[in-house]
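Residue numbers (numbering that gives the first Met the number 0), protein chains in the order written: chain A, 0 to 295; chain B, 0 to 295.
Yeah, the Cβ is synthetic: ideal placement off N, Cα and C, and Gly gets one too.
Keep in mind it's a predicted model, so treat the numbers as computed, not measured.
There are 2 protein chains.
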Amino acid sequence: MTVAETITRLRELVEGNLIATLAPPASRFPSPLREAMEYSLMAGGKRVRPVLLLSAGLATGGEESLLLPFACAVEYIHTYSLIHDDLPAMDDDDFRRGKPTSHKVFGEGTAILAGDALLTEAFRAMAQSPLAQADPGRAVRAIADLAQAAGAGGMVGGQQMDLSAAPGNSTASQVDEIELRKTAALLASCARTGAILGGGSPGQVGALGEYGTRLGLLFQVTDDILDETGSFEEMGKGTAKDRARGKWTYPVAHGMPAAIERASELGREALAALSAFGAEADPLRELVRMVQNRRK
Amino acid sequence: MTVAETITRLRELVEGNLIATLAPPASRFPSPLREAMEYSLMAGGKRVRPVLLLSAGLATGGEESLLLPFACAVEYIHTYSLIHDDLPAMDDDDFRRGKPTSHKVFGEGTAILAGDALLTEAFRAMAQSPLAQADPGRAVRAIADLAQAAGAGGMVGGQQMDLSAAPGNSTASQVDEIELRKTAALLASCARTGAILGGGSPGQVGALGEYGTRLGLLFQVTDDILDETGSFEEMGKGTAKDRARGKWTYPVAHGMPAAIERASELGREALAALSAFGAEADPLRELVRMVQNRRK
Chain A
0 MTVAETITRL RELVEGNLIA TLAPPASRFP SPLREAMEYS LMAGGKRVRP VLLLSAGLAT
60 GGEESLLLPF ACAVEYIHTY SLIHDDLPAM DDDDFRRGKP TSHKVFGEGT AILAGDALLT
120 EAFRAMAQSP LAQADPGRAV RAIADLAQAA GAGGMVGGQQ MDLSAAPGNS TASQVDEIEL
180 RKTAALLASC ARTGAILGGG SPGQVGALGE YGTRLGLLFQ VTDDILDETG SFEEMGKGTA
240 KDRARGKWTY PVAHGMPAAI ERASELGREA LAALSAFGAE ADPLRELVRM VQNRRK
Chain B
0 MTVAETITRL RELVEGNLIA TLAPPASRFP SPLREAMEYS LMAGGKRVRP VLLLSAGLAT
60 GGEESLLLPF ACAVEYIHTY SLIHDDLPAM DDDDFRRGKP TSHKVFGEGT AILAGDALLT
120 EAFRAMAQSP LAQADPGRAV RAIADLAQAA GAGGMVGGQQ MDLSAAPGNS TASQVDEIEL
180 RKTAALLASC ARTGAILGGG SPGQVGALGE YGTRLGLLFQ VTDDILDETG SFEEMGKGTA
240 KDRARGKWTY PVAHGMPAAI ERASELGREA LAALSAFGAE ADPLRELVRM VQNRRK
């Protein structure tokens, strides 16, 4: 199996377990809350975060079946953030991945609740997982790390800075700080959490956290580059919206050539952070290439 | 110290630690997210849930300082649910506890994010607590129980059922199910979680869960009775709004005399669930009386 095939296998593993990992009996979730949760979960994401967590966990000696509920949980956290970000009071987006956003399909109230439920389910899935029974010490460290990355000091804080930023009036360093918080904090935590759950040494946890931060910043810069250059058909959502709103992204703040150079540099730094690892980290190296080469 | 004074002391302990328990350094929370979180946290709630968790934990042998972060966490969960429930897309309330609601002060976007941040902070505070380091097995059980109660099968599910209920068209049993999920599930979990963290036996955890469910239903019925009979000055929010909206509550569905009888019955059942406990459960008994006699 090639490294790319390994990534595909991990993605399909997550894809096939996202619904099953929701609280049993999920049939007790009232309608249309359950439908709204499933709609956004199964809207065709690239599953970068769960594959990253799994790859980091496997590279540090973890067992796939024990890592899987945590991988699904980070996809719940990511999905909740997309649902809430798309709301009229936030980015006000009607489409994501070529499909109408949650509030367009289910209404704002249910979309808010579906996000709330997915965030809560993420923590339930982790705390009720077999790994949390077998090694609760690792589980609480993982839960703490992800919550810190997702909360007011991380992802939600980044969203607030984005919301508050006066159009066209952010400094370049503010843009960098927003991108670090909005995207890189959670991706870094996925890599670090995988290493914690896999039983990695403190040095390995630190190295994979650094790798994850570089990958996260790379992911955001390539997203911003695609927002400037991509078409609706490629992206599945409106493009150049950030610029139209007067929001500063990396390419708007620093120029497109600098953004492309920044992406190369971040890719090199991400790979450098893996220098102490052998072939067991090849899927993590492949993720860098995939993010660099993505077209949507 | 009388039992009532013990409750007051526990409430003040929570009140004094709510902000400090937010992630250090909370100064990294961007403005106005931090202000919105603090505004709703310090808006003068009765702190029933944290006092309940502390009382249950102390009655089963727990140590106050170790229980405290979990007590603050359940108040974060409760506060987030109020902020989101008040949003225009949900109950659309302009006032709560006599003060303008979060979205009226900070705008909808920040109110949504403040709720998201408080929910996430709740799990971070629990997972990073000293008790989670000392006894991670108890901590993951507590986190799992609270997440289950707060999620799509519990509180968020109840809010969805409330949102979906056709005005004036709910059956009495639907009303009971909504009240069970919206309010009683989390209160039951607070009592059960306190017993788990305190080191209670399975029998004690079960008894306190039953007590918490009865107390939670009692809390909701008295809330509905007050909604029918209270004034704005007493309640600090608009009253009879449920009826005006055509939403069925217990007194609307079953009549006021039945609601008052139901409250008495629930109080007796809550006390009966404590029969195996001695004086160490007196604060839990006092909470029943306080909920029965509350005027707001």
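Secondary structure of residue i, DSSP reduced to three states
| i | result |
| --- | --- |
| Phe94(B) | strand |
| Pro99(B) | strand |
| Asp134(B) | coil |
| Lys45(B) | coil |
| Leu18(B) | The displayed chain sequence assigns Ile, not Leu, to residue 18(B). Coil. |
| Arg288(A) | helix |
| Ala126(A) | helix |
| Asp84(A) | helix |
| Ser30(B) | coil |
| Met160(B) | helix |
| Thr7(A) | helix |
| Arg293(B) | coil |
| Thr248(A) | coil |
| Pro256(B) | helix |
| Glu120(B) | helix |
| Gly266(A) | helix |
| Met154(A) | helix |
| Thr78(B) | helix |
| Ala272(A) | coil |
| Pro282(A) | helix |
CB contact below 8 angstroms: residue i versus chain A
| i | result |
| --- | --- |
| Gly150(B) | yes |
| Val139(B) | yes |
| Met289(B) | no |
| Arg123(B) | yes |
| Asp115(B) | yes |
| Ile195(B) | no |
| Ile259(B) | no |
| Thr248(B) | no |
| Pro129(B) | no |
| Pro29(B) | yes |
| Ile142(B) | yes |
| Met41(B) | no |
| Leu86(B) | yes |
| Gln158(B) | yes |
| Met0(B) | no |
| Ala184(B) | no |
From the options, residue whose alpha carbon lies closest to that of residue i
| i | options | result |
| --- | --- | --- |
| Ala187(B) | Glu178(B), Ala148(B) and Gln127(B) | Ala148(B) |
| Pro322(B) | Leu162(A), Ala252(A) and Arg288(A) | Residue 322(B) cannot be examined here, being either before or after the span of chain B that is shown, 0 to 295. |
| Pro250(B) | Ser274(B), Asp175(B) and Leu81(B) | Asp175(B) |
| Tyr75(A) | Met255(A), Cys189(A) and Leu265(A) | Cys189(A) |
| Ala19(B) | Leu40(B), Thr228(B), Leu9(B) and Ala164(B) | Leu40(B) |
| Thr7(A) | Gly153(A), Leu118(A) and Pro282(A) | Pro282(A) |
| Arg191(A) | Arg261(A), Pro23(A), Asp84(A) and Phe69(A) | Phe69(A) |
| Met36(B) | Thr109(A), Met36(A) and Val155(A) | Val155(A) |
| Val2(A) | Leu145(A), Met289(A) and Arg294(A) | Met289(A) |
| Gly153(A) | Thr182(A), Ala138(A) and Gln173(A) | Thr182(A) |
| Glu264(A) | Val287(A), Thr248(A) and Gly199(A) | Val287(A) |
| Glu309(B) | Asp223(B), Gly44(B) and Ile195(B) | Residue numbering for chain B in the displayed model covers 0 to 295; residue 309(B) lies beyond these limits and cannot be assessed. |
| Asn16(B) | Ile195(B), Pro29(B) and Leu67(B) | Leu67(B) |
| Met89(A) | Ala110(A), Glu63(A) and Val204(A) | Ala110(A) |
| Tyr210(A) | Gly197(A), Ala272(A) and Ser200(A) | Ala272(A) |
| Leu112(A) | Asp84(B), Ala121(B), Arg267(B) and Met0(B) | Asp84(B) |
Proximity test, Cβ basis, 8 angstroms: residue i and chain B
| i | result |
| --- | --- |
| His77(A) | no |
| Arg33(A) | yes |
| Gly215(A) | no |
| Gln173(A) | no |
| Leu162(A) | yes |
| Ile82(A) | no |
| Lys118(A) | The question names Lys, yet the displayed sequence has Leu at residue 118(A). Closer than 8 angstroms: yes. |
| Gln147(A) | yes |
| Gln135(A) | It is Pro, not Gln, that sits at residue 135(A) in the sequence shown. So yes, Pro135(A) belongs to the interface. |
| Thr109(A) | yes |
| Val155(A) | yes |
| Leu112(A) | yes |
| Met255(A) | no |
| Ala126(A) | yes |
query = Would you say the region 125–135 of chain B touches the region 50–59 of chain B, given that touching needs at least three Cβ pairs under 8 angstroms?
reply = no
task = Would you be able to state if there are at least three C-beta pairs under 8 angstroms between the region 77–92 of chain A and the region 58–70 of chain B?
result = no
ask   = Which runs of the alpha helix (DSSP H) fall wholly inside the region 173–242 of chain B and span at least 4 residues, in chain order?
value = 184–197, 201–228 and 231–234
inquiry  = Using a Cβ distance threshold of 8 angstroms, determine whether the region 131–138 of chain A contacts the region 100–112 of chain B, with at least three qualifying pairs required.
reply    = no
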